[in-house]
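Undergrad: All the letters of the sequence shown, read from the start, carry residue numbers 1198 to 1271 under this note's numbering.
After the structure tokens below, expect a handful of questions from me.
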Amino acid sequence: MTKSLKFDVFGRQVLVVKLDDRWSAFYLGTNGKRRRAEDIVVPSFITESEIERYLADLCHEWASEKCPDVKRLD
């Protein structure tokens, strides 16, 4: 079963997909395309409810006054 979660990570659109017990992250473009986010590695033991906090911890250097947090979009 595939599970997809969409986030705004400090202003960047990120899709996190779980397939076969592995999480994969993708950057979403404005044109509907996506590319693998090789700099975002989500361990398989992270639960769905923990991903938002995990992304905030991992990507905190992206935070700015304009985009201060991580938000789940779906």
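Every residue gets a Cβ at the ideal spot worked out from N, C-alpha and C, and that includes glycine.
Keep in mind the model is a prediction, meaning the values are calculated, not measured.
#1: Could you check if Leu1270 is buried or exposed, using at least 16 other CB atoms within 10 Å of its CB as the buried criterion?
#2: If we count the other Cβ atoms within 10 Å of its Cβ and call it buried at 16 or more, is Phe1204 buried or exposed?
#3: Just how far apart, CA to CA, sit Arg1232 and Lys1215?
#4: Compare the Cα-Cα distances from Thr1244 to each of Val1213, Ser1261, Glu1258 and report the closest residue.
#5: Check the DSSP bridge columns for Trp1220 and list the partner residues they point to.
#6: Express the C-alpha separation of Gln1210 and Lys1230 in angstroms, rounding to a whole number.
TA: This is what the structure holds:
#1: Classification of Leu1270: exposed, given that the 10 Å Cβ count is below 16.
#2: The residue is buried, with at least 16 neighbouring Cβ atoms inside 10 Å.
#3: Those two C-alpha atoms are separated by around 16 Å.
#4: Closest by alpha carbon: Val1213.
#5: Answer is Lys1215, bridged to Trp1220.
#6: Taking the straight line from one Cα to the other gives about 11 Å.
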